[in-house]
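K.L.:
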Amino acid sequence: MKEKKYKSIIPNKNVEDLEIKVINAENLLGEKIVIPGEIFVKEGTIVCNAGRKTVKIKVTNTGDRPIQVGSHFHFFEVNKAMSFDREKAFGKRLNIIASTAVRFEPGEEKEIELVEIGGHRKAMGFNNLVDGSVDSETLKKESLAKAEELNFKNH
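Number 155 in the numbering used here belongs to position 155 of the sequence shown; there are no gaps in the numbering.
1) Only counting runs of 3 or more residues, tell me where the beta strand (DSSP E) segments fall wholly within the region 38-122, in order along the chain.
2) What is the C-beta distance between K92 and F104, in whole angstroms, given that I count them as a contact (C-beta under 8 Å)?
3) Go through its chain and collect everything with a Cβ distance to R121's Cβ below 8 Å, but skip five positions before and after it.
4) According to DSSP, is S156 helix, strand or coil?
5) Assuming I112 and V59 are in contact, meaning their beta carbons sit under 8 Å apart, how far apart are those beta carbons, in whole angstroms?
6) Skipping 5 residues on each side, what residues in its chain have a beta carbon closer than 7 Å to that of V115?
7) Going by the beta-carbon positions, is the gap between P106 and G63 smaller than 7 Å?
8) What is the DSSP secondary structure of L144, counted as helix, strand or coil?
9) Leaving out five residues on either side along the sequence, give the residues of the same chain with a beta carbon under 8 Å from the beta carbon of R86.
10) Can you tell which of F40, K88, K141, R65 has its C-alpha closest to the C-alpha of K56?
11) Among M82, F73, H72, which residue has its Cα nearest to the Cα of P66?
12) Under the assumption that F84 contacts F126 (Cβ atoms under 8 Å), give the Cβ distance between them as a whole number of angstroms.
13) By the 10 Å Cβ neighbour count, where 16 or more other Cβ atoms means buried, how is L129 classified, buried or exposed?
14) Going by beta carbon distance, what residues of the same chain come within less than 8 Å of D131, once the five residues before and after it are set aside?
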């Protein structure tokens with residue numbers, strides 16, 4: 001490929017126009033063109049959440065409106081109208097593909113699979129029931145009590 005030249009748009013009367021060379025990726029890497037943000041993955045199957053503990057629970061939307069829960073939302077803290085075993089859900093999120101969600105229609109019961117939260121294992125924000133490490137048994141007990149006090153459904 002031909003090398004491209006661009007003139008500078010920097011306004012400065014004391015400096016002549018600068019020429020900037022843009023080298024095509026083919027010149028550096030042979031036939032491969034590098035695309036910004038491109039991801040190269042190995043051949044084969046990628047298993048998400050491998051080695052993480054999972055749990056299946058039944059969830060019922062007792063509310064009168066649909067509720068949608070995103071992939072990385074701390075499930076323990078979902079809408080108060082969602083009835084399920086919150087203790088089993090502590091420190092877990094939906095075991096689904098990132099940036100997807102599950103929708104629960106009013107009165108609908110579903111069995112879902114949850115997976116333990118990764119990274120620093122902290123839940124911050126959401127419904128402000130936890131705000132800390134999901135590994136803390138003390139915080140878990142406090143959060144369950146807070147959920148009960150605020151009338152979050154639990155069974």
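Virtual Cβ for every residue (Gly too), placed ideally from N, Cα, C.
P.N.:
If we stick to the structure as given:
1) 54-61, 67-70, 92-94, 101-104, 109-116
2) The sequence position of residue 92 within the sequence shown is 92, counting from 1. The sequence position of residue 104 within the sequence shown is 104, counting from 1. With a Cβ gap of about 16 Å, K92 and F104 do not count as contacting.
3) Position 121 of the sequence shown, counted from the start, is the residue given in the question as residue 121. Cβ neighbours of R121 within its own chain (closer than 8 Å, five residues either side excluded): G91, S133, V134, D135.
4) Because residue 156 is not part of the residues shown, which for the chain are 1 to 155, the question remains open.
5) The count along the sequence shown starts at 1 and reaches residue 112 at position 112. The count along the sequence shown starts at 1 and reaches residue 59 at position 59. About 6 Å; that satisfies the 8 Å criterion.
6) Start at 1 with the first residue of the sequence shown, and residue 115 comes out as number 115. Cβ neighbours of V115 beyond the five flanking positions: N49, R52, T54, K92, R93, N95.
7) Here residue 106 is taken as the residue at index 106 of the sequence shown, counted from 1. Here residue 63 is taken as the residue at index 63 of the sequence shown, counted from 1. Taking 7 Å as the Cβ cut-off, P106 and G63 qualify as a contacting pair.
8) Numbered from 1 along the sequence shown, position 144 holds the residue referred to as residue 144. L144: helix per DSSP, three-state reduction.
9) Here residue 86 corresponds to residue number 86 of the sequence shown, with the count starting at 1. Closer than 8 Å at Cβ, skipping near neighbours: F76, L144, A147, F152, N154.
10) Here residue 56 is taken as the residue at index 56 of the sequence shown, counted from 1. Between K56 and the set F40, K88, K141, R65, the nearest pair of CA atoms involves K88.
11) Here residue 66 is taken as the residue at index 66 of the sequence shown, counted from 1. Taking only the C-alpha atoms, the option nearest P66 is M82.
12) Here residue 84 refers to the residue found at position 84 of the sequence shown. Here residue 126 refers to the residue found at position 126 of the sequence shown. In fact, because the Cβ distance is near 15 Å, the residues do not count as touching under 8 Å.
13) The residue given as residue 129 occupies position 129 in the sequence shown. Flag for L129 reads buried.
14) For the purposes of this step, residue 131 is taken as the residue at position 131 of the sequence shown. So the list reads A123, M124, G125, once near-sequence residues are dropped.
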